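Residue numbers (the numbering used here): 29 to 283.
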Amino acid sequence: MTRRSLLLLVAVALLAGNLAYASLSGPSGFARDFDQNLARFPLAASIARSDPALREVLLRKTEAAFNEGGWPAANGVLNIILANEMEAYADDEHINAVDRAELTALLKLMSDPLACKSFLMAGSQRGEFSDAAQELAELGAAHGAAIANGFERKTKGVARVQAGDEELGAIEMQLRRGPFAELTRQELGAESRYLGGNPALMCSAAIKKQLNLLSVDRVYSAYASRLRRARDNKIDVVEVRAKLCREPGNSLSCP
């Protein structure tokens with residue numbers, strides 16, 4: 029083999045290696061189509077365009093969820109991040125509206141405890157919980173308005189509210205005690221067992237806490253709710269949905 033032929037083979041090998049590396053290290057199909065898919069959610073797409081750092085968070089976390097749980101998990105993560113990031117900036121009127129709509133949805137779901145538990149643990153997406161479609165549509169509209177309001181206020185320089193563990197603990201304790209109704213020992217136990225909790229007791233506990241939240245002064249109610257929404261959300265959407273999907277009658281969109 030001549031020197032020229034040898035050099036040509038080396039060059040071809042290097043080129044092939046570089047092409048393979050580019051294929052392996054380049055953006056995934058999910059990342060390439062991210063903006064196109066996000067366009068199905070105009071508010072989320074608008075926020076992502078205006079906030080590149082948040083867009084990267086949305087891309088990274090929704091892709092991870094998609095790889096493990098498909099579109100339902102990815103959409104669930106998208107909803108959680110937007111609510112956590114933007115509702116913390118929303119004004120009292122919008123926060124109160126979300127809380128009222130959430131109570132209405134819980135009351136509608138109360139007659140189907142497993143569906144109520146699924147909603148509490150995993151939220152809702154289009155096509156789920158058909159018996160409460162109207163109430164959940166109104167809740168979705170309230171969330172959308174609060175997220176849009178929060179984003180607008182954030183861009184105007186409104187500070188993000190944040191609370192320490194001690195203040196959040198005090199808020200949760202107050203919501204369990206009243207003023208509308210105190211949670212029973214059984215309801216507290218169901219809450220503490222998380223995914224393993226009794227659905228009916230978890231639902232009644234959530235309704236009582238929502239009633240307690242809305243029974244106090246509107247300004248404080250919004251303040252407390254805003255702090256709860258701003259806290260770090262450690263829910264593993266993939267794990268939660270996978271667990272709930274193993275329970276018949278969960279009302280979720282399961283693979």
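Glycine residues also receive a C-beta, built at the ideal position from the N, C-alpha and C atoms. Since we're looking at a predicted model, the values are computed, not measured.
| query | result |
| --- | --- |
| Kindly indicate which three-state DSSP category Thr132 falls into: helix, strand or coil? | helix |
| What do you get for Gln238, buried or exposed, if any count of 16 or more other CB atoms within 10 angstroms of its CB means buried? | buried |
| Here's a check: name, in chain order, each residue in its chain whose Cβ is nearer than 7 Å to the Cβ of Pro227, leaving out the five neighbours to either side. | Pro141, Leu142, Cys144, Lys145 |
| What residue range does the alpha helix (DSSP H) around Lys237 cover? | 227 to 242 |
| Return yes when the Cβ of Gly155 is within less than 7 Å of the Cβ of Ser281, no when it is not. | yes |
| Determine whether the beta carbon atoms of Gly122 and Ala173 lie at a separation below 7 Å. | For clarity, residue 122 is His in the given sequence; the question names Gly instead. Cβ atoms of His122 and Ala173: closer than 7 Å. |
| Determine the DSSP secondary structure at Ser51, reduced to helix, strand or coil. | No answer about Ser51 holds up, because its pLDDT of 39 lies below 50 and its placement is not dependable. |
| From which residue to which residue does the alpha helix (DSSP H) around Gly144 run? | Per the sequence shown, residue 144 should be read as Cys rather than Gly. Cys144 -> alpha helix (DSSP H) spans 141 to 150. |
| Indicate, with yes or no, if the ligand FAD has a heavy atom lying under 6 Å from the CB of Gly197. | As presented, the structure is devoid of all ligands, the ligand FAD included, so that no description of it is given. |
| Three Cβ pairs or more, each shorter than 8 Å: is that satisfied between the segment 89 to 98 and the segment 264 to 279? | yes |
| With a cut-off of 8 Å, do at least 3 Cβ pairs link the segment 175 to 187 to the segment 108 to 115? | yes |
| Determine the direct distance from the alpha carbon of Ser56 to that of Arg246, and round the result to whole angstroms. | 46 Å |
| Pick from Cys273, His171, Asn124: whose alpha carbon is nearest that of Ser249? | Asn124 |
| Could you check what DSSP says for Leu280 in three-state terms: helix, strand or coil? | coil |
| Do the CB positions of Asn261 and Leu203 come within less than 7 Å of each other? | no |
| Would you identify the three-state DSSP class for Asp260, choosing helix, strand or coil? | coil |
| In three-state DSSP terms, what is Gly155? | coil |
| Measure the CB-CB distance between Leu272 and Ala102 and report whether it falls below 7 Å. | no |
| Ser56 lies in the alpha helix (DSSP H); which residues open and close that run? | That residue, Ser56, is in no alpha helix (DSSP H); it is neither H nor E in DSSP. |
| In the DSSP assignment, find the alpha helix (DSSP H) that holds Val186 and state where it starts and stops. | Looking at the DSSP string, Val186 is not in any alpha helix (DSSP H), and its letter there is neither H nor E. |
| Near Pro276, what residues of its chain come up, given a Cβ to Cβ distance below 7 Å and the 5 sequence neighbours on each side ignored? | none |
| What does the alpha-carbon distance come out to for the pair Ala191 and Ser243? | 22 Å |
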